[in-house]
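Enquirer: This is the structure I have questions about; it appears just below.
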Amino acid sequence: MLILTRKPGESVYIGDDIKVTLMEIKGNQVRVGVEAPSSVRIYREEIYLQILEENKSAAALSADAPADLGDVAKQWKDQKTKALGNLQVTKKKSKKQDD
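This note's numbering numbers the first residue of the sequence shown as -6 and each following residue consecutively.
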């Protein structure tokens, strides 16, 4: 980790297009200004960690989905097969009655 000392109003550049400026110091708080292209996402650490956790949870749900979807497809197929079997039995009964 690079550690720098800055006074209010002084800046640090990250690459060519990100500028971090120390705006003010009040007690144990520091105000920092960040200038960056709109394509660069800037988050406070606690927000970023929350996003990572939500993404991890969403990925876990997505990983479970194919198994669940497979189960749903199998149940649907079994129901259709059973329904077709019942239909064939009904047709056979009705054919015997016609004879």
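Glycine included, C-beta positions come from ideal geometry on N, C-alpha and C.
Name the one or two DSSP bridge partners that S4 has.
Expert: Paired residues: T14.
Enquirer: Skipping 5 residues on each side, what residues in its chain have a beta carbon closer than 6 angstroms to that of E28?
Expert: Answer for E28: K12, listed in chain order.
Enquirer: Let's see if you can read the secondary structure: which residues bound the beta strand (DSSP E) around V25?
Expert: Where V25 is concerned, the enclosing beta strand (DSSP E) stretches over Q22 to E28.
Enquirer: Compare the Cα-Cα distances from Q22 to each of V33, S32, P30 and P1 and report the closest residue.
Expert: For the residues V33, S32, P30 and P1, the minimum Cα distance to Q22 belongs to P1.
Enquirer: Taking only the alpha-carbon atoms, compute the straight-line gap between V25 and S31 and give it to the nearest angstrom.
Expert: Using only the alpha carbons, I get a separation of about 17 angstroms.
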